[in-house]
Amino acid sequence: MNKKELIKKYILFIIGLFFAGVGIAFTKHGELGVSPISSVANIMSLKFSFFTMGIWLITWNCVLILGQVIILRKDFKIYQLLQIPLSFLFGYFTDIGMKIVSFIPVNSYFVKLLMLFIGIAVLAFGISLSVIANVIMNSGEAIVKAISDKTGFEFGNVKVVFDISCVAVSVVLSLIFFDMKILGTREGTVISAVLTGFAVKFFTKLLKEKPSKLIEAK
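Mapping of the sequence shown onto this note's numbering: residues 123 to 340, in sequence order.
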């Protein structure tokens, strides 16, 4: 792979991050719950609103990167530190997305559901572009791979346990922060967990050829 192709791959990855951030903004604005990986940051943004959702996502992603370093130790590769600036971009894009959707009134359950499904679709589209770019994993997937590599458990099984753990942590934090009430984790979190993977597969299959041709273009 030459330098030009690598640059194109990272541009595609960053475009994917933008759509993923906007997708999360849609689900958060819909108030039915965000994706499992974003659930902890969502609770923190509800409790400590002096930081934006984007900043809490940056913080959470940095925690996950630190987790990779602790788990992998000497097997952690230097290039994986690229996750840090990309996490900052992701947080920034999420805040842009929050501004984009802020004007949409969510005064009915139907609108909330619509926001959720649009968010899932946009998030999945962004993830699929990142998958097609194939340059670096996001911090959520990377820590799952680190755990999988060290334990020998299958990636998919570790992913399920990790997502459940994220939701569990967010529920516990909500109970602590909001007088034993569960906020931020609702039916949308479950729907997102179930549908996002299928949507990513759909978009990846649909889009794979066009971005690949663009990357390989001279």
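Backbone N, C-alpha and C define an ideal beta-carbon position, used for all residues, glycine too.
- For residue 217, the uninterrupted alpha helix (DSSP H) segment begins and ends at 205–223.
- Between residue 131 and residue 257, the C-beta gap is smaller than 8 Å, which places the two residues in contact.
- Below 8 Å, enough C-beta pairs join the region 143–153 and the region 208–219 to call them touching: three or more.
- Apart from sequence neighbours up to five positions away, the residues of its chain that approach residue 213 with a beta-carbon distance below 7 Å are 176, 177, 179 and 180, ordered along the chain.
- The three-state reading of DSSP puts residue 256 in coil, since its state is none of H, G, I, E or B.
- For residue 241, the CB contacts under 6 Å within the same chain, skipping 5 residues up- and downstream, are 145, 148 and 149 in chain order.
- With a threshold of 16 other beta carbon atoms within 10 Å, residue 311 meets it and is buried.
- In the structure shown, residue 227 falls within a coil segment according to DSSP collapsed to helix, strand and coil.
- Around residue 262, the same chain offers 159 and 186 as residues with beta carbons nearer than 7 Å, after the five sequence neighbours per side are excluded.
- The beta carbon of residue 182 sits closer than 7 Å to the beta carbons of 162 and 163 from its chain, once the five residues preceding and following it are set aside; these are given in chain order.
- Per the coordinates, the alpha-carbon of residue 265 lies some 21 Å from the alpha-carbon of residue 317.
- For residue 155, there is no enclosing alpha helix (DSSP H), as DSSP marks it with neither H nor E.
- Look at residue 174 here: in three-state DSSP terms it is coil, with no helix or strand label.
- Excluding five sequence positions before and after residue 169, the CB atoms of its chain that fall closer than 6 Å to its own CB belong to 299, given in chain order.
- Excluding sequence positions up to five before and after residue 225, its CB lies less than 7 Å from no other CB in the same chain.
- Just so you know, the alpha carbons of residue 244 and residue 278 end up roughly 22 Å apart.
- Under the three-state reduction of DSSP, residue 137 is assigned to helix.
- By alpha-carbon distance to residue 305, the top candidate from 293, 313 and 315 is 293.
- Less than 8 Å divides the Cβ of residue 228 from the Cβ of residue 153.
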